[in-house]
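Start counting the sequence shown at 0; every next residue gets the next number (numbering that gives the first Met the number 0).
These notes concern the structure reproduced below.
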Amino acid sequence: MATFLYSASMSLDGFIAGPGGDMSWLAAHLGANPTVDDLVGNVGAILAGARTFGGDDPYRDTPQEGEAFGGGWSGPQFVLTHRPPERPVPGVTFVGDLPSAVATAGAAAGERYVNVLGADIARQCLAAGVLDEILVCVVPVLLGDGTRLFVQPGGADVRLERTRVAEAPMGTNLWFRVVR
């Protein structure tokens, strides 16, 4: 059975993207990260939200643009959206509802990770009780505005258990298990 992991790089003030989904802030902080490098080999599928899939790319204008983990990973990708593109995208399956997206991504990943990308889809997975772990790569930068790591209107008390902390050349990696 797959493990559902929400992973994201986050500014110290809690943003995973700048205003308007801008990811250019992350480009200066990309590089070797042993925790992420180890994770990439254990990802069996990606489950992304539509905004994340179609959004800004920190690898823009480089050969890695449009590639998961900057080209370090390849495999099945599933995008939760109510508006799939008119033309198919190779290697990407567009799914219209969360239960189907979770089931197909989980089946594709097998015993490996389903890497959940995007704040809103991570929130939906958490609310559905399918999110197992969270990896946050805290980057030493302040953005001041943008997309937060987690937003729940009205608030939420989500209990997490820290399982790992690792220093990386460009920040600190924090790994948590979702307590159910």
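Built from N, CA and C at the ideal position, the CB exists for glycine as well.
* To do: Could you tell me which residues DSSP pairs with residue 9 in its beta bridges?
  => Reading the sequence shown from its first residue, position 10 is the one you call residue 9. Partner(s): 137.
* Looking only at its own chain, which residues have a Cβ that is under 7 Å from the Cβ of residue 123, when we skip the five neighbours before and after it? -> As a working note, residue 123 is residue 124 in the sequence shown. Cβ neighbours of residue 123 within its own chain (closer than 7 Å, five residues either side excluded): 97.
* Near residue 41, which residues of its chain fall below 7 Å by C-beta distance, leaving aside the five closest residues on each side in sequence? -> Start at 1 with the first residue of the sequence shown, and residue 41 comes out as number 42. Sequence-distant partners of residue 41 (beyond 5 residues in either direction) whose C-beta falls short of 7 Å from its own C-beta, in its chain, are 111, 112.
* With which residues is residue 114 paired in a DSSP beta bridge? -> For the purposes of this step, residue 114 is identified with residue 115 of the sequence shown, where counting begins at 1. For residue 114, which the question treats as bridged, DSSP gives the partners 4, 45.
* residue 179 in three-state terms, based on DSSP -> If you number the sequence shown from 1, residue 179 lands on position 180. Here residue 179 sits in coil by DSSP.
* Cβ-Cβ distance between residue 91 and residue 79 below 7 Å -> Taking the first residue of the sequence shown as position 1, residue 91 is located at position 92. Taking the first residue of the sequence shown as position 1, residue 79 is located at position 80. No; because the gap between Cβ atoms is not below 7 Å, this pair is not in contact.
* To do: Mind the definition here: the region 9-21 touches the region 131-146 only if three or more C-beta pairs lie below 8 Å; say whether that holds.
  => yes
* Asked: Going straight from the alpha carbon of residue 34 to that of residue 165, what length do you get?
  -> One-based indexing of the sequence shown puts residue 34 at position 35. One-based indexing of the sequence shown puts residue 165 at position 166. Spanning the two alpha carbons is a distance of roughly 7 Å.
* **In DSSP terms, what residue 159 is bridged to** => Along the sequence shown, read from residue 1 onward, the residue named residue 159 stands at position 160. BP columns for residue 159 point to 177.
* 8 Å Cβ shell around residue 159 - same chain, five flanking residues per side excluded -> Counted from its first residue, the sequence shown places residue 159 at position 160. Closer than 8 Å at the Cβ level, and outside the excluded window around residue 159, lie 133, 175, 176, 177, 178.
* To do: Buried or exposed for residue 10, please, with buried defined as at least 16 other CB atoms from any protein chain shown within 10 angstroms of its CB.
  => Taking the first residue of the sequence shown as position 1, residue 10 is located at position 11. Residue 10 comes out buried.
* Asked: Among 130, 52, 126, which has the Cα closest to the Cα of residue 154?
  -> Translated into positions along the sequence shown, residue 154 becomes position 155. That would be 126, whose Cα lies nearest to the Cα of residue 154.
* Asked: Going by alpha carbons, who is nearest to residue 6 out of 140, 135, 161, 163?
  -> For this step, residue 6 is matched to residue 7 along the sequence shown. The shortest C-alpha separation from residue 6 is found at 135.
* Counting only the same chain and skipping the five closest in sequence on each side, list residues whose C-beta sits under 6 Å from that of residue 161. => Along the sequence shown, one-based indexing puts residue 161 at 162. Cβ within range, chain order: 175.
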